[in-house]
Amino acid sequence: MSKEPGSIDRREFLGSAMLAGAGAAALSASAQAQAPSSAPREQQRPLPLSGGNFAPLRAEVDVRDCVVEGKIPSDLSGGFYATGPDPQYPLAKGNILFDGEGHVRIFRIRDGRVDYRTRYARTERYVAQDKARRSLMPMYRNPSLDDPSVKGLSRSTANTHVINHKNMILALKEDSPPTAMDLNTLETIDPVFTFDGQLPRTQPFTAHPKVCSQTGNIVAFGYEAKGFGSDVVAVFEIDKQGKKVWGTEIKVPYVGLLHDFAVTENHIIFFVIPLAIDYEQMKRGGIHWSWDKDRKTYFGFFRRYGDGKDLKWIEGPARSGTHTMGAFEDKGRIYLDTEITAGNPFPFMPNKDGSPPDLAASTSYIHRLSANLNGRNKGYSIEKMYPLIAPLPRQDDRYNTMPYRYGFMACPDPNEPDRAKAGACYARVDNQTRTFKLWNAGNRVSLAEPVFAPKSPTAREGEGYLMGVAYHLDQGLRSDLVILDAEHLEEGPIATVRLPVQASPQVHGWWVREDQYPV
Ligand code: V55
Ligand code: FE
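My numbering numbers the first residue of the sequence shown as 65 and each following residue consecutively.
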């Protein structure tokens with residue numbers, strides 16, 4: 065059997081993906097194979113991982129009127145979009161799956177029917193490589209190895225997250241501007257979307273923008289904003305019509321992977337982690353980042369709509385937090401709920417000191433970070449909230465910039481201490497009671513990050529459906545979309561949409577409500 069790009073031995077994959085449960089935990093736990101120890105440091109890492117929701121597919125797929133078991137709720141109408149890395153050509157030695165080309169999909173749900181479609185984002189990189197029939201940008205965020213023919217082209221893979229804007233879906237990679245695709249057809253409209261020239265073509269755009277709960281504005285940022293390795297972060301807000309309504313620039317204490325952020329009614333929050341830019345490693349042909357355990361973390365915040373001069377950084381020990389569940393401010397304090405790992409969250413990224421991957425230190429639990437808005441802070445506070453291993457927590461996205469109560473995530477069953485036996489679960493956490501509800505899908509599936517769809521635009525927080533893709537490990541990864549009542553996960557799926565094939569790989573997904581489609 066020929067090997068897919070980025071794949072590992074099937075037996076390793078099965079064993080590890082089951083260990084993993086879900087999300088980036090699947091990333092970490094699937095990463096087992098080691099290159100020989102005489103290889104340079106960045107090549108001693110686990111092979112680019114595969115497994116479950118990260119398994120390469122390559123084929124673009126259309127399925128009209130998918131087979132549905134159960135009944136699609138009549139008040140569930142809209143589109144579930146996602147993207148993930150699906151290497152167009154085999155990954156170069158030492159490269160990581162985070163560099164795979166973005167393959168975008170929709171489950172379009174309406175009138176009890178589901179149509180499924182996937183398309184690669186036709187990024188400048190994809191199109192150039194397609195013409196050349198080979199990889200031209202062989203290393204994750206290291207342009208020094210690029211083929212000379214692609215100089216000046218966008219390096220975006222559009223493989224991390226998607227968000228809707230006007231009649232488009234924007235496919236995001238944090239090193240570049242968005243790639244705009246048609247909301248219905250997934251045809252690429254603009255490979256380097258700059259909001260009509262309001263943002264510089266060279267300015268990156270985060271994969272984790274927030275949608276303002278009050279205005280519907282997109283609140284976003286771009287780090288390394290003034291060119292490769294820049295310590296400037298541009299922060300800005302774009303209204304529903306596409307007009308930039310606010311922007312400022314701040315500086316980070318050092319250049320690290322600034323993957324996500326948080327927005328409250330009045331503040332912008334950043335958390336700077338020690339996955340720092342590593343020029344030496346890049347010179348040796350490696351990736352952009354290495355884990356530098358000797359660096360501090362910085363929890364920082366400043367006023368939205370201001371000039372950024374009030375920015376405060378509060379220092380803490382080395383640890384990582386890459387995904388926000390929610391954030392809010394209350395009685396003079398600011399809170400960020402985020403998944404936290406004790407060390408390098410991505411075991412397939414090198415440690416600067418050359419130490420081997422530490423899977424325990426890369427395990428994510430949801431924590432609440434907080435600090436005084438005005439008073440003095442002796443460090444930031446940190447509190448573990450749940451015993452759930454959940455690198456990709458989500459919320460009801462109508463609450464992106466408001467106090468919120470519920471979170472949703474894929475996680476291995478916390479009641480089964482043996483990770484090899486633990487089933488993959490979807491969980492809903494209640495931050496008010498600090499309790500959670502689970503649906504256990506068993507240990508023969510890998511569950512991708514779920515998305516929440518409200519029953520109506522005005523439904524209560526968390527009143528609606530939780531959806532996610534289940535990759536069946538014992539069916540060659542043939543996949544289902546499972547749809548659960550978000551308030552009664554423990555009852556199991558209301559409807560299961562059975563794809564005839566493996567779903568395309570997924571990192572993050574996004575729900576577009578029916579009322580957000582152009583008429
Ligand atoms: C992440 C994913 C990326 C990336 C940087 O989940 C961070 C975190 C899929 O690509 O480039
Ligand atoms: Fe992410």
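The beta carbon of each residue, even a glycine, is placed where N, CA and C say it ideally should be.
Exercise. Asp239: beta carbon under 7 Å from a heavy atom of ligand 2?
Worked result: Working through the sequence shown from its first residue, we reach residue 239 at position 175. Because no heavy atom of ligand 2 lies under 7 Å away, the Cβ of Asp239 does not count as near it: no.
For this session: Report buried or exposed for Pro582, applying the criterion of at least 16 other Cβ atoms within 10 angstroms of its Cβ.
Result: Position 518 of the sequence shown holds residue 582. With fewer than 16 other Cβ atoms within 10 Å, it is exposed.
Exercise. Can you name, in chain order, every residue of its own chain whose Cβ lies under 7 Å from the Cβ of Arg128, other than the five neighbours on each side?
Worked result: Residue numbering aside, residue 128 sits at position 64 when the sequence shown is read from its first letter. Once the five neighbours on either side are set aside, the close Cβ partners of Arg128 are Asp179.
Exercise. What are the boundary residues of the alpha helix (DSSP H) that Arg189 is part of?
Worked result: Locating residue 189 in the sequence shown gives position 125, where the first residue counts as 1. Note, Arg189: alpha helix (DSSP H), 188-196.
Exercise. Using CA coordinates, which residue listed in Trp377, Gln262, Leu433 is at the minimum distance from Tyr399?
Worked result: Indexing the sequence shown from 1 puts residue 399 at position 335. Answer by Cα proximity: Leu433.
For this session: Could you please give me the residues that DSSP links to Cys475 through a beta bridge?
Result: Translated into positions along the sequence shown, residue 475 becomes position 411. Paired residues: Cys489.
Exercise. Looking only at C-alpha atoms, which of Cys130, Ala550, Met232, Thr405 sits nearest to Asn248?
Worked result: Taking the sequence shown and counting its residues from 1, one reaches residue 248 at position 184. Ranking Cys130, Ala550, Met232, Thr405 by Cα distance to Asn248 puts Met232 first.
Exercise. DSSP three-state call for Gln262: helix, strand or coil?
Worked result: Position 198 of the sequence shown, counted from the first residue, corresponds to residue 262. Coil.
Problem set entry | Asp175 versus Val571, Gly148, Asp461, Gly142, residue with shortest Cα-Cα distance | Looking up residue 175 in the sequence shown gives position 111. Of the listed residues, the one whose Cα sits closest to Asp175 is Gly142.
Exercise. In three-state DSSP terms, what is Lys347?
Worked result: Counted from its first residue, the sequence shown places residue 347 at position 283. Of the three classes helix, strand and coil, the one that applies to Lys347 here is helix, per DSSP.
Problem set entry | Assumed close pair Gly528, Ala517 - CB separation to whole angstroms, cut-off 8 Å | Here residue 528 corresponds to residue number 464 of the sequence shown, with the count starting at 1. Here residue 517 corresponds to residue number 453 of the sequence shown, with the count starting at 1. Confirmed, about 5 Å.
For this session: Compare the C-alpha of Val571 against each of Leu375, Leu456, Pro481 and name the closest.
Result: Here residue 571 refers to the residue found at position 507 when the sequence shown is read from its first residue. The option with the nearest alpha carbon to Val571 is Leu456.
For this session: Say yes only if the C-beta of Val493 is nearer than 7 Å to one or more non-hydrogen atoms of ligand 2, and no if none qualify.
Result: Taking the first residue of the sequence shown as 1, we reach residue 493 at position 429. Val493: no, Cβ never under 7 Å from ligand 2.
Exercise. Which runs of the beta strand (DSSP E), 3 residues or longer, sit entirely within the region 158-229?
Worked result: 166-174, 177-184, 225-229
Problem set entry | Neighbourhood of Ala103 by C-beta distance below 6 Å, restricted to the same chain and skipping five residues each side | Here residue 103 refers to the residue found at position 39 when the sequence shown is read from its first residue. Residue placement at Ala103 cannot be trusted, given a pLDDT of 41 that sits under 50; what the coordinates show is reported in the next sentence. Cβ within range, chain order: n/a, list empty.
Exercise. Which value, in whole angstroms, describes the spacing of the CA atoms of Phe472 and Tyr429?
Worked result: Against the sequence shown, residue 472 aligns to sequence position 408. Against the sequence shown, residue 429 aligns to sequence position 365. The straight-line gap from Cα to Cα measures roughly 13 Å.
Exercise. Among all the DSSP beta bridges, which residues are the ones paired with Gln267?
Worked result: The count along the sequence shown starts at 1 and reaches residue 267 at position 203. Its beta-bridge partners do not exist; DSSP assigns none.
Exercise. Mapping DSSP to helix, strand and coil, what is Gln152?
Worked result: As a first step, residue 152 must be located in the sequence shown, where it is residue number 88. The answer is coil: DSSP assigns Gln152 none of H, G, I, E or B.
Exercise. Which term fits Val509, buried or exposed, when burial requires 16 or more other beta carbons within 10 angstroms of its beta carbon?
Worked result: As a first step, residue 509 is located in the sequence shown; it is residue number 445 there, counting from the start. Looking at its Cβ environment, which holds 16 or more other Cβ atoms inside 10 Å, Val509 is buried.
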